[in-house]
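Here the sequence shown is numbered in our numbering, starting from 558 and rising by one per residue.
Built from N, CA and C at the ideal position, the CB exists for glycine as well.
Predicted, not measured: the structure shown is a model, and the values here were computed from it.
First up is the structure itself, then whatever we jot down about it.
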Amino acid sequence: MTAVETPPIGTREIGRDRRRKEDARLITGRTRWTDNITLPGMLHLAMVRSPFAHARITSIDTGAAKDAVGVVDVVTAADLGESVGVCINAWPITPEQKAPTHPPIAVDRVCFAGEIVAVVVARSAAEARDAAELVEVEYDELPAALDLKEAAQDTVLAHPDLGTNKSAYWVFDSAQAGTGGDVEEAIAAARTDGVLIEREYRQQRLIPAFMEPRSVVVDPTGEQITMWSATQIPHILRFALAATTGVPESKIRVIAPDVGGGFGGKLQQTPEEMIVFALARRLGRPVKYTETRSESLMSGHHGRDQWQKLTLAATREGKVTGLKVELLADLGAYVALVGGGVPVLGAFMFNAIYKFPAYHFSCQTVFTNKTWTDAYRGAGRPEATFAIERLMDELAAELGRDPLEVREQNWITHEEFPFTTVAGLEYDSGNYEAATARAKEMFGYDELRAEQRRRRESGDPVQLGIGISTFTEMCGLAPSRVLGSLDYGAGGWEHAQIRMLATGKVEVVTGASAHGQGHETAFSQIVADRLGVPFEDVEVLHGDTQIAPKGLDTYGSRSLVVGGEAVVRAADKVIEKARPIAAHLLEANVEDLEFKDGRFSVRGTDAGLGLTEVALATFAAHNLPDGVEPSLDAEATFDPVNFNFPHGTHLCAVEVDTETGQVKLRTYVACDDIGVVINPLIVSGQVHGGLVQGIAQALWEEAVYDESGTLVSGSFVDYLLPTAADTISFQIDHTTSPAKTNSLGAKGVGEAGTIASTPAVVNAIVDALRPFGVHDVQMPCTPERVWRALRQSEGEGAGAGGETVGGAMPHFDPSTGTQGTADRTTGADE
Ligand code: MCN
């Protein structure tokens, strides 16, 4: 039999701006969200949560709550016992990792404010909430470990039983791994005859503030126990529930109906899901729980929260010779599902697009008495990108050179792909020169530099800053073997099934579980092209372990490049199955058939048959070749051999009011290379949303705890989630270097904007303030922080528009591209 001739990709659907099939229901909200589900006899839960960060529970009196109107039961950990299971950690990053048991309901000690101590079951959610206030819990408050750096010193223990706050220490060293040289030698050489940039950066704690709060319904009354949950991971959740409760996997069905966003925050087996599961089983009735926004902010997992100690060694000519990264990562009170591994994902990205000869990474994960941390859009990679892109700017400033030029001096050129990095990854494709050239052109880089110079010279109180981020990331999580080598508990494959219906319509079943990404549309486009059927004739089904029994869900910008490729392979199998049937019906040799645009035709003749006709004939099964099964349905499981590596150049211009500290975004240009784009409209949406999330880390968002461990940014009044009105109109474009790891040539896009944008904005702010002696502003760069940074540097001797202070500093002259020594006050060459 001849090999399948695949239709040329992109002929009809791929690359087309299709509005999302999902839009009508998602945008109007007229769809089935978990909280809309009402089942006969359904009960409702309210959680009683600890107000203390760390305390011993001395007594719980549920009497008054039990007597309240509508209350069916009030339970504590003692009531549920082992039936509720314990939360699992799927990524123990070292065999020695210390991790306390994480019961969904606190047993005798609470370890963060917001931890569940009791649960009220009532006929309505309102009755449950009212009664929850009647549960009397007495606590004996304990000292709380709250500050990450202090916690790392074990001054106060988050879990006294562990005897330390240190959970795991993970190291990568290029000399030991054989991927590069010794970083200490590079540092020593730079210290005597080169440039050393030593910095400490804070990745503040963020909260994945998805639009739909987490919600879960469990119906235990059927043959199977059915859970509906606003989750990103129905398949992983089913496995986790089975593993932690002993209920056979085959008896659990998990459905993720339409889910209103996740951003990594719904990549979790939550205590709430486990409690609802246990109570529905205990009571034999359907049970629902939907969190309030405050509960969501307080007890859904948080993201980021690291201190990064960085040492970059370089020659005086600007060639980087080594990078050393020492991280402290705050786990919060427990090791979450993949929380321990988040910094490890970042470990492979600090070298970014650059050819560093030596690299050392170490990370200490640390417990504190705060909400647990886990994946948040980018998970480890935004932190790494921030660090290296800030450092490259600092290096350029130190050398008095253009930051883009210093990057170019160090980056991998397009002729050098495939390129094995100092962190041991093989980058398959990329063209940093092309993306940067396009971004510069869109941005008007030279003109903005000239304007910056004019403003500096005139002492304008509103200074212009230009920020650069030439990023790459690893996504498409992930090759199962690599995940195994990193001690992750699961694989990274994805599954797809294609069902050819008798009418010629096509059902595509995918294990990817979209929660706003538009898979139904993009996957329809892929199948429409591959099978040559109309886009409208393709139905994509997902998010239900009964309908899509195999899958590993959606995170790590994996759905298209892993799940989409599985769809492509299943489609190719459909064609392969249809070919002998078509040949039989056409009374032709299989070898003489070609398949194009949905039609088999006999080479050199007019004879042909559409795939839909073959589907109907296969369904009727009246006239099939001997021994051929009457089905065109096919499935495929795809396990990639490598990650893929989107990249891009983002340029940001900000105006900084040096009198008030106010930062105003002026221009933002993003030129991303995500290989072949399936749906440009969806991709633009992904980039826009991602940019806003990354910019929000730079400027606005921070989870703040007070000295007692209470989350003070516990509502949207205090947690500054941006709206469209806070941003500007972005200018985006693409260059294309196709990925080599999937047949579509596509790279992931779901996290790119978030990963790239944070350093672009902070670099822009620091760039504006550099003549004032400011070298860093801690995120989020609020007006107060910017103002204080300016005042502090004034105090240290630098100032704007006034007397010349602090002597000369190296300075890049943006208008001429020359290097000189600048006056700190005016930025003018001496
Ligand atoms: N796509 C495309 N062409 C490409 C790459 C992607 O057309 N070359 C399309 C895909 O078909 C898909 C979308 O872009 O419709 C995103 O694809 P992909 O990069 O594969 O990412 P995932 O679908 O795996 O989504 C996960 C990613 C992550 S990790 C976070 S976090 C995130 C994100 O998606 N959370 C989101 N985007 C989000 N968007 C919404 N609306 N809500 C979230 O919670």
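Report task. Answer yes or no: do Asp1229 and Gly1310 have a C-beta to C-beta separation smaller than 9 Å? Result -> Yes, the Cβ-Cβ distance between Asp1229 and Gly1310 is below 9 Å.
Query raised in the report: Is it true that the CB of Arg680 sits closer than 9 Å to the CB of Val629?
Result: Val629 places its beta carbon less than 9 Å from that of Arg680.
Query raised in the report: Expressed to the nearest angstrom, what Euclidean distance is found between the alpha-carbon atoms of Thr752 and Lys997?
Result: Note on residue identity: the sequence assigns Val, not Thr, to residue 752. Rounded to whole angstroms, Val752 to Lys997 spans 28 Å at the Cα level.
**Report entry** Buried or exposed (CB count within 10 angstroms, at least 16 for buried), Gln1349
**Finding:** Classification for Gln1349: exposed.
Query raised in the report: Around the Cβ of Ile571, are there at least 16 other Cβ atoms within 10 angstroms (buried) or fewer (exposed)?
Result: Flag for Ile571 reads buried.
Query raised in the report: Hey, is the region 746-760 in contact with the region 860-878, meaning 3+ C-beta pairs nearer than 8 Å?
Result: Between the region 746-760 and the region 860-878, the count of C-beta pairs closer than 8 Å reaches three or more; the two stretches touch.
Requested in this report: Would you grab the beta carbon distance between Lys1304 and Ile1231 for me? Rounded to a whole angstrom, and I think it's under 8 Å.
Outcome: Contact annotation, Lys1304 with Ile1231: C-beta distance approximately 4 Å; criterion of less than 8 Å satisfied.
Query raised in the report: Terminal residues of the continuous alpha helix (DSSP H) containing Glu1014?
Result: Residues Tyr1002 to Ser1015.
**Report entry** Alpha-carbon to alpha-carbon, Ala870 and Arg756
**Finding:** Within the model, the alpha-carbon separation for Arg756 versus Ala870 is close to 12 Å.
Query raised in the report: Rounded to a whole number of angstroms, what is the C-alpha to C-alpha distance between Val923 and Arg613?
Result: Straight across, the Cα-Cα distance linking Val923 with Arg613 is about 21 Å.
Query raised in the report: Who does Trp968 pair with in a DSSP beta bridge?
Result: DSSP lists Tyr911 as partners of Trp968.
Query - Best match in Phe907, Gly1046, Thr1280 and Asp776 for proximity to Ser919 [C-alpha to C-alpha] - result: Closest by alpha carbon: Phe907.
Report task. Tell me where the alpha helix (DSSP H) around His1141 begins and ends. Result -> Annotation for His1141: the continuous alpha helix (DSSP H) segment containing it runs Glu1122 to Leu1143.
Query - Cut-off 6 Å between Cβ atoms - residues of its own chain near Ala1140, not counting five sequence neighbours on either side - result: Closer than 6 Å at the Cβ level, and outside the excluded window around Ala1140, lie Val1147 and Leu1150.
Query - Assigned exposure category for Tyr1225 - 16 Cβ within 10 Å defines buried - result: Buried: at least 16 other Cβ atoms inside 10 Å.
Requested in this report: Measure the CB-CB distance between Lys808 and Gln781 and report whether it falls below 9 Å.
Outcome: Yes.
Report task. Name the two residues that bound the continuous beta strand (DSSP E) containing Trp590. Result -> Judged by DSSP secondary structure, Trp590 falls outside any beta strand (DSSP E); it is assigned neither H nor E.
**Report entry** Residues sharing a beta bridge with Gly879, DSSP
**Finding:** Note: Gly879 sits in a beta bridge opposite Ala870.
**Report entry** Glu1308 Cβ short of 8 Å to the ligand NAD heavy atom set
**Finding:** The ligand content of the structure shown is limited to the ligand MCN, which means the ligand NAD is not among them.
Report task. Provide the residue(s) that pair with Arg613 in DSSP beta bridges, ordered along the chain. Result -> Partner(s): Arg666 and Asp697.
Report task. For Ile1235, verify whether its CB is less than 8 Å away from any heavy atom of the ligand MCN. Result -> Taking 8 Å as the cut-off, the C-beta of Ile1235 counts as close to a heavy atom of the ligand MCN.
Query raised in the report: What residues match up with Ile809 in a beta bridge as DSSP calls it?
Result: According to DSSP, which records beta bridges pairwise, Ile809 is partnered with Ile782.
Report task. Can you tell me which of the three DSSP states Met1031 falls into? Result -> In this structure, Met1031 counts as coil in the three-state DSSP scheme.
Query raised in the report: Mind checking whether the beta-carbon of Ala1053 lies closer than 8 Å to any heavy atom of the ligand MCN?
Result: For the ligand MCN, not one heavy atom lies less than 8 Å from the Cβ of Ala1053.
Requested in this report: Return the residue from the list Glu684, Asp1324, Ala1127 and Asp887 that minimises the CA-CA distance to Arg958.
Outcome: Among Glu684, Asp1324, Ala1127 and Asp887, the Cα nearest to that of Arg958 is on Asp1324.
Query raised in the report: Expressed to the nearest angstrom, what Euclidean distance is found between the alpha-carbon atoms of Asn646 and Glu707?
Result: Going by the C-alpha atoms only, they are around 25 Å apart.
Report task. Report the three-state DSSP secondary structure of Gly1364 (helix, strand or coil). Result -> With a pLDDT of only 32 at Gly1364, under the threshold of 50, the placement of this residue in the model should not be trusted, and no figure is reported.
Report task. Report the partner residues of Gln1054 according to the DSSP bridge assignment. Result -> In the DSSP output, where bridge partners are listed per residue, Gln1054 has Val1066 and Glu1192.
Query raised in the report: What's the gap between the Cα of Gly1359 and the Cα of Arg1012?
Result: Here Gly1359 scores only 34 on pLDDT, less than 50, and its place in the model should not be relied on; the value that follows carries that caveat. The alpha-carbon atoms of Gly1359 and Arg1012 are separated by roughly 15 Å.
Query - Range covered by the beta strand (DSSP E) that runs through Met604 - result: That run of the beta strand (DSSP E) goes Leu600 to Arg606.
**Report entry** Min CB distance Gly1121 to chain C below 9 Å
**Finding:** The chain labelled as chain C is not found in the depicted structure, where only one protein chain is given.
**Report entry** Rounded C-alpha distance that separates Ser856 from Glu672
**Finding:** Cα atoms of Ser856 and Glu672: separation of roughly 7 Å, rounded to the nearest angstrom.
Query raised in the report: Of the choices Asn1180, Arg842 and Gly779, whose alpha-carbon is the least far from that of Leu602?
Result: Ranking the options by Cα distance to Leu602, first place goes to Arg842.
Report task. Measure the alpha-carbon distance for Ala1255 versus Val1318 and round it to whole angstroms. Result -> When rounded, the distance between both Cα atoms is 6 Å.
Query raised in the report: When you compare only the Cα positions, how much space is there between Ala1365 and Val877?
Result: Because Ala1365 sits at a pLDDT of 35, beneath the cut-off of 50, its placement in the model cannot be relied upon, and the following sentence gives the value as read from the coordinates. Each residue's alpha carbon lies about 24 Å from the other.
Query raised in the report: Alpha carbon to alpha carbon, what distance is there between Gly1120 and Gly937?
Result: C-alpha separation (whole angstroms): 22 Å.
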